[in-house]
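Below, the structure written as structure tokens:
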């Protein structure tokens, strides 16, 4: 099975590569340190499976997952991250990931998870599975989660989020706020990452949902 490892920490990528060298059926064919690199290498290398971190510079892992699967629906993506909050898990699943494992999983669990997802199955790490059971047994109201996510945004990020909700393109936002298009693109990626949403359309829907109650406080 050919595997692409997408993570911004070279030491972690090296550890995964060395671990998979101990197997006969799992091969690392490429490494990416950003979401953009993961998207490009997915197209050029055509791996069977991608080990995808969530928090990376530029395009985050969830957004990269969605974009990759739009073009290559046959690929399998296993999220391998330190984030174990419910919102990250469910957003990754909506983006099309087939599994979600924490980086502190032991080596045997990681290898088993790769093989299961690579063969078309779905898998959750032991910690994640127990959290999901707890979540569905004791569902958390959506509004507090939304409020907590929005509170993480800076004033500039909230300004840009408002423009996203209005349907403005990155170029239009850049012109309006007197920023470069690249800077706006970086802000958008950070916003999607903080909100743990799949794309800008979902981010815009969050704002509109909040407007039905209270507008975003930009102060």
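Numbering (the working numbering), first residue to last: 625 to 843. Here a beta-carbon is modelled for each residue, glycine too, at the ideal position from N, C-alpha and C.
Distance, residue j Cα to residue i Cα
i	j	result
residue 810	residue 726	26 Å
residue 791	residue 746	35 Å
residue 692	residue 714	18 Å
residue 648	residue 694	30 Å
residue 784	residue 806	13 Å
residue 717	residue 799	35 Å
residue 729	residue 660	26 Å
residue 829	residue 721	22 Å
residue 824	residue 786	11 Å
residue 774	residue 819	7 Å
residue 638	residue 731	14 Å
residue 788	residue 699	30 Å
residue 668	residue 744	22 Å
residue 640	residue 738	11 Å
residue 674	residue 781	30 Å
residue 642	residue 625	15 Å
residue 678	residue 685	4 Å
residue 808	residue 822	18 Å
residue 663	residue 636	19 Å
residue 795	residue 832	22 Å
Residue(s) in a DSSP beta bridge with residue i
i	result
residue 676	630 and 703
residue 852	Look at the range of the chain in this structure, 625 to 843, and you will see that residue 852 is not part of it.
residue 723	702 and 747
residue 651	626
Residue nearest to residue i in terms of C-alpha spacing, selected from the options
i	options	result
residue 634	645, 626, 658 and 830	658
residue 627	639, 645 and 654	654
residue 683	803, 641, 817 and 832	817
residue 680	813, 828 and 830	813
residue 644	686, 733 and 700	733
residue 650	822, 815, 686 and 629	629
residue 670	712, 697, 738 and 778	697
residue 801	663, 779, 742 and 822	779
residue 632	656, 797 and 642	656
residue 676	646, 712 and 796	712
residue 815	687, 700 and 749	687
residue 741	678, 672, 664 and 752	672
residue 709	831, 794, 749 and 743	749
residue 827	689, 777, 804 and 803	777
residue 690	804, 832, 719 and 666	719
residue 735	636, 646, 793 and 666	646
is_contact[residue i, chain B] using C-beta, thresh 9 Å
i	result
residue 683	Absent here is chain B; the protein component of the structure consists of one chain.
Handout entry: the stretch 714-726 in contact with the stretch 695-705 per 3-pair CB rule at 8 Å
Key = yes
Practice task
Could you name each continuous beta strand (DSSP E) segment of 3 residues or more that falls completely within the stretch 684-710, going from the start of the chain to the end?
Solution key: 700-705
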